[in-house]
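Protein chains: 2
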Amino acid sequence: MENSVKNYLEEHKDRFLSELVELLKIPSISADSKYKDDVARAADFVHQKLLDAGVDHAEVCPTKGHPIVYGEKMVDPSAPTILVYGHYDVQPPDPLELWHSPPFEPVIKDEKIYARGACDDKGQVYMHLKAFEILNNTSGLPCNVKFMIEGEEEVGSENLETFVKENSEKLSNDVILISDTSIVSNEIPSITIGLRGISYMEVELTGPNRDLHSGVYGGAVANPVNALCELISSLKDEKGKITIPGFYDRVLEYSEQDRNDLNARPFDLQEYKDDLDIAEVQGEQGFSTIERVGIRPTLDVNGIWGGYAGEGAKTVLPSKASAKISMRLVPNQDSQEITDLFRKHIEAIAPPTMKVKVTEHHGGEPTVTPTTSAAYAAASAAFEEVWGKRPIPTMEGGSIPIVALFKEVLKSDTVLMGFGLDSDAIHSPNEHYGLFNYFIGIETIASFHQKLANSVS
Amino acid sequence: MENSVKNYLEEHKDRFLSELVELLKIPSISADSKYKDDVARAADFVHQKLLDAGVDHAEVCPTKGHPIVYGEKMVDPSAPTILVYGHYDVQPPDPLELWHSPPFEPVIKDEKIYARGACDDKGQVYMHLKAFEILNNTSGLPCNVKFMIEGEEEVGSENLETFVKENSEKLSNDVILISDTSIVSNEIPSITIGLRGISYMEVELTGPNRDLHSGVYGGAVANPVNALCELISSLKDEKGKITIPGFYDRVLEYSEQDRNDLNARPFDLQEYKDDLDIAEVQGEQGFSTIERVGIRPTLDVNGIWGGYAGEGAKTVLPSKASAKISMRLVPNQDSQEITDLFRKHIEAIAPPTMKVKVTEHHGGEPTVTPTTSAAYAAASAAFEEVWGKRPIPTMEGGSIPIVALFKEVLKSDTVLMGFGLDSDAIHSPNEHYGLFNYFIGIETIASFHQKLANSVS
């Protein structure tokens, strides 16, 4: 790695951090319309920082929802073009009472920065702006760079597809680079090659037309909460298999060899259980924990509510009960097909005593990125140079639906060069991101630009 | 019925109503500590109105929780003594958005008064103060009267037992009179002779020590909401029977004759379903709707919560899930025994992946009051005089735990002389009480005092 990069990073570390802190102070919660203006503020912030970093051109592109920030600098038509994708929106911070410090008042403690979005994805996306700045102000950019930073990733990237299709020319590239995933550990660098898809649904059951006195009616009138519990528990069998007809029809079955390779990844089950403080793991029979999150689909209730949840006791037989239910999908499942199967099944098994409403929140396709591309080789070489270790390929359970869309529309592959840790508590209270990861990430990304340029020159 | 009573009632109708409105304006929600002062205000209001009505002595008796209001007027040692029991506390009003007018801003519409507590129990308890006032200011009280109006009925009357035991002398009586139940309809007066008991519990499951990203962990870590749904749905079998071992051991099985008598009560199933806007009723197989609420125990989830219930989508695997679950009990079940069986069963079936916490909210015993007593005869005669019809005996699904305690400690029987309707939406949004019921209730209660005095003289 050129010293100029290292030196520049050393010189500007404090500013690189304080700029991230500013971004983290903006509550850009895309799921909650109350925060629409804050989401817009975050977009403007990213736009300004792209200009400060030295892009030739940057713009805030309005969509039907939250805006997309675009920026680019073209240095040499013969050099490869990198499209950096990331998102500046964040998950809702609740439950608030479990945060040790307010989610939008970043705190640096034990070499970590605590805030909603610290890792997912503000911290990781901002590394790219800073790597760009370093190269631009030192040795010069070895590759053309385009940035597309959206504000709807946490709500299903609803408007990104249209944007990408309408701007496929402008977005043309040789490789898409995304930092929105994790490494195995700070000792074991890794590159994510697989992501699960998702189908996120909501189910509402309505029984009686009003809340009832559970004494006067209890036993004679079906209770929507009891009914919803029955319905949900029927969605998995005792082997942990999902019971929706057709759910597994397209699931890619991996070879013995692939499964062995996957399970060869360093993994300590006891550490895993200790970190979560659970006595047992649980999942689909016949698969390891790594396989259960990496190559197998699943179904989870993300939220449930109905009746009285306040202090004390209320003897009510509720009129309604609802649940948010999401399914994680694997190759070659199709999110729309799974969404339809889910809806059909729920409507089929809903009891005659209830009215049922099934709502679709969002969907995204599963992906596997190749390990044979020049881009993957460059990423691997960058890790090896900066970390002194070859990264191992891993499958992750999360979803970045956009990756499949990129492949389909832009015809280019993605490199998932993430620097987070599973323990960073993304989507949870006290989300954080290691300063070590933030700074080494910047360095590794800068190295990737150089390796990629060399690999094709 | 003496005309003096009718005349006094006619003269003071407006004031009798405006006084009730004042009481209904006080948000005396006993379940929520935020309203502690309002509960106290309601107690003071009742205390003052007892004095205004002409009792010799009244006091607000502090307890560990909300106060109990006591008042009495002894007119003749040889006359029977009536102990009037009721409660001035109310259920929480939520869901607020479903009220057509604010729950604590009483509105009179279509000859009904709409407010939380209008029927349960402020409206019904206040009839006794007014009946007392009428007799006291006209023909004179024919019986000695004691009032015990508490503020914790909606949260299980936790401190009443101690109070009753410590004051059994003071509370000694010949009959306990309670108006906190319903009549079949305004055309079919009835007296409640059976009430179900209750065991109200809360179950909390804790899986991982923090909310997790449902992509990163989903499929490998047990989800507390899914687990709670399985647990709850396992509590009833396909016949609608509760699966808790020993739950039915003491349940009183009624004779063919008793069941026929019970089912002889006028009841229109289609009307019942139309009123609730449900396609089907549901309950324990082999029993009618009247039996399911009258003589059979049941289990209902009164509230459930866990994970994200906000707008949009949050891909979280929650750390915790909770439910409030209550069981209605029938003779000869014992609430403490059922509570223990429930706890034992839940702890036994909770999965090894979860920590389980079972909390006891409150319990109360089922009761059946005799139809052979002089008091029942007086109540029956009072209805016949004022309504021109003999009331029919009915079993109600609700619980007034205190009735069993009175029998045990004060050795006296209770007459459940309620004037509400099942359609009054108690414990629901838009609770209301008919003005017809309020005024005829006052008249019927006054008549009861006279019939009872005559029956023993």
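Residue numbers (my numbering), protein chains in the order written: chain A, 1 to 457; chain B, 1001 to 1457. Beta carbons: idealized from backbone N, C-alpha and C, even for Gly.
- prompt: Is the distance from the Cβ of E1311 (chain B) to the Cβ of D32 (chain A) below 8 Å?
  reply: yes
Under the three-state DSSP convention, the category W1305 (chain B) falls into: strand
query: Is any beta-carbon of chain A found at less than 8 Å from that of Y1085 (chain B)?
result: no
- request: Check the Cβ of W1099 (chain B) against every Cβ in chain A and list those closer than 7 Å, keeping chain order.
  value: Simply none; closest approach about 11 Å.
query: When you compare each of A:G246, A:C61 and A:K355 to V46 (chain A) by their alpha carbons, which one comes out closest?
result: A:C61
message: Using a Cβ-Cβ cutoff of less than 7 Å, which residues in the same chain neighbour T1192 (chain B) once the five nearest sequence positions on both sides are dropped?
response: T1181, T1394, E1396, L1416 and G1418
Closer than 8 Å at the beta carbon, the chain A residues around Y1308 (chain B): Chain A residues near Y1308 (chain B): P92, D94, N302, G303 and K324.
task: Please state whether DSSP places L235 (chain A) in a helix, a strand or coil.
output: coil
task: Identify every run of the alpha helix (DSSP H) within the region 138 to 197 of chain A, keeping only runs that are complete inside it and at least 4 residues long; order them along the chain.
output: 160 to 166
task: Closer than 7 Å by beta-carbon distance: list the chain B residues that pair up with R196 (chain A), in chain order.
output: G1215
- request: Just the chain A side, please: which residues come within less than 9 Å of Y1200 (chain B) by C-beta, in chain order?
  value: A313 and T315
query: Alpha carbon to alpha carbon, how far is P1103 (chain B) from A1118 (chain B)?
result: Put simply, the backbone Cα of P1103 (chain B) is about 9 Å away from that of A1118 (chain B).
task: Name, please, each residue of chain A whose Cβ falls closer than 8 Å to the Cβ of E1284 (chain B).
output: G219
- prompt: Does DSSP classify G65 (chain A) as helix, strand or coil?
  reply: In the displayed model, G65 (chain A) falls within coil according to three-state DSSP, outside both helix and strand.
- request: Tell me where the beta strand (DSSP E) around V409 (chain A) begins and ends.
  value: Per DSSP, V409 (chain A) belongs to no beta strand (DSSP E); it is in the alpha helix (DSSP H), I402 to L410.
field: For K1122 (chain B) and V1090 (chain B), believed in contact at Cβ under 8 Å, the rounded distance
entry: 7 Å
query: Helix or strand or just coil, what does DSSP make of G286 (chain A)?
result: For G286 (chain A), the secondary structure class from DSSP, reduced to helix, strand or coil, is coil.
- request: Taking C-beta pairs closer than 8 Å, name the residues in chain B that R390 (chain A) reaches, listed in chain order.
  value: By Cβ distance, chain B contributes nothing, its closest Cβ being about 24 Å from R390 (chain A), past 8 Å.
Cβ-based contacts, 7 Å cut-off: residues of the region 330 to 343 of chain A near chain B: none
- prompt: Looking only at its own chain, which residues have a Cβ that is under 6 Å from the Cβ of Y983 (chain B), when we skip the five neighbours before and after it?
  reply: Any question about residue 983 (chain B) goes unanswered here, given that chain B covers just 1001 to 1457.
DSSP three-state assignment for A1279 (chain B), whether helix, strand or coil: It is coil, neither helix nor strand.
message: Helix, strand or coil, according to DSSP, for K1073 (chain B) in the structure here?
response: strand
message: Just to confirm, is the Cβ distance from T1289 (chain B) to G218 (chain A) under 8 Å?
response: Taking 8 Å as the Cβ cut-off, T1289 (chain B) and G218 (chain A) do not qualify as a contacting pair.
query: In terms of DSSP beta bridges, what is Y217 (chain A) paired with?
result: Beta-bridge pairing links Y217 (chain A) to no other residue.
field: Residue-level contact to chain A via CB, R1210 (chain B), 8 Å cutoff
entry: yes
query: Per DSSP, D1300 (chain B) is paired with what?
result: Paired residue(s): B:S1326.
- request: Using a Cβ cut-off of 9 Å, pull out every chain D residue sitting near R116 (chain A), in sequence order please.
  value: The chain inventory of the structure shown lacks chain D, comprising the protein chains A and B.
Cα-Cα separation, T81 (chain A) to C143 (chain A): 6 Å
field: chain A contact residues for A1222 (chain B), given Cβ-Cβ distances below 9 Å
entry: I278, E280, V281, Q282 and G283
- prompt: If the cut is a Cβ gap below 7 Å, which residues of chain B does D422 (chain A) touch?
  reply: For a Cβ distance threshold of 7 Å, residue set V1216 of chain B lies close to D422 (chain A), ordered along the chain.
- prompt: How many Å lie between K1064 (chain B) and S1319 (chain B) at the Cα?
  reply: 34 Å
message: Here's the rule I'm using: 16 or more other beta-carbon atoms within 10 Å means buried, otherwise exposed. How should A348 (chain A) be labelled?
response: So A348 (chain A) ends up on the exposed side.
- request: In the DSSP assignment, find the alpha helix (DSSP H) that holds Y1035 (chain B) and state where it starts and stops.
  value: Premise fails: Y1035 (chain B) is in no alpha helix (DSSP H) and is neither H nor E.
- prompt: So is S168 (chain A) buried or exposed if we call it buried at 16+ other beta carbons inside 10 Å?
  reply: exposed
- request: Give a yes or no on whether the C-beta atoms belonging to Y376 (chain A) and M127 (chain A) are separated by under 8 Å.
  value: no
- prompt: Between C229 (chain A) and A309 (chain A), what straight-line distance do the alpha-carbon atoms span, to the nearest angstrom?
  reply: 16 Å
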